[in-house]
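So the structure is just underneath, and the comments pick up after that.
Below, the structure written as structure tokens:
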């Protein structure tokens, strides 16, 4: 047994040495893997931070290049809706979609100005025609007053009160139109 014990202790010592070497190699490998994982983590975290900064920069860029010009156009459109045709639309010189929108609003502004001018001209013509008709009615009434006395003045006043500056009475009321 003594032989067997000395031989087995020597072989077990050899196995123990092999196990310690394997354990050392495993520790070294684990250390290398841990260092590699740390490098990968730092690289991933750095790339994530860079991506977040890039997204923030793009949001600021979009805000300044798109959103802000659209807000300025919106403000100009609100002024236009309030009747302020004197303002200059922002973005007319741009060659992108913002410029297209600004030019479309400018066209709308031009058409609205033309329509407002046309309506003002029509109103002025109507007022002028009403004034001429009232002047003719006064002249007619004044001429009749001399001929009839005070009756012509009362008749003209009644026509004016009846509405429309006397137009409604002559247009179908059974009376002859004044000469």
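In this note's numbering, the protein residues as written are 1 to 179.
Glycine included, C-beta positions come from ideal geometry on N, C-alpha and C.
Item checked: Buried or exposed (CB count within 10 angstroms, at least 16 for buried), residue 2 -> Residue environment analysis places residue 2 among the exposed positions, since fewer than 16 neighbouring C-beta atoms fall within 10 angstroms of its C-beta.
Next item on the list: Flag this pair as touching only if the region 104 to 123 and the region 75 to 83 have three or more C-beta atom pairs under 8 Å; answer yes or no.
Entry: yes
Notebook entry, point to check: Leaving out the 5 sequence neighbours to the left and right, which residues in its chain are closer than 8 Å to residue 172 when beta-carbon positions are compared?
Noted result: The pLDDT assigned to residue 172 is 45, lower than 50, so where the model puts this residue is not dependable, and the model offers no usable value.
Note to self: Contact between the region 54 to 61 and the region 29 to 41 is defined here as three or more beta-carbon pairs at a separation below 8 Å; is this criterion met?
What the structure shows: no
Next item on the list: Could you spell out the range, first to last residue, of the alpha helix (DSSP H) harbouring residue 14?
Entry: 2 to 62
Margin query: For the ligand ADP, I want to know if residue 142 counts as a neighbour, meaning its beta carbon is within less than 6 Å of at least one of the ligand's heavy atoms.
Written below: In the structure on display, the ligand ADP does not appear, and there are no ligands present to speak of.
Check: From 122, 46, 73, pick the residue whose C-alpha is nearest to that of residue 104; which is it?
Finding: Considering only alpha carbons, the answer is 73.
Note to self: Whole angstroms are fine: how far does the CA of residue 49 sit from the CA of residue 33?
What the structure shows: Rounded to whole angstroms, residue 33 to residue 49 spans 24 Å at the Cα level.
Item checked: Cα-Cα separation between residue 65 and residue 44, rounded to whole angstroms -> Residue 65 and residue 44: Cα-Cα distance of roughly 31 Å.
Next item on the list: Taking all protein chains shown into account, decide if residue 47 is buried (16 or more other Cβ within 10 angstroms of its Cβ) or exposed.
Entry: When all chains shown are included, residue 47 counts as exposed.
Checklist line | Separation of residue 51 from residue 38, as counted between CA atoms | finding: 20 Å
Next item on the list: Kindly provide the ranges of any alpha helix (DSSP H) runs that are 4 or more residues long and lie completely inside the region 67 to 132, ordered along the chain.
Entry: 68 to 81
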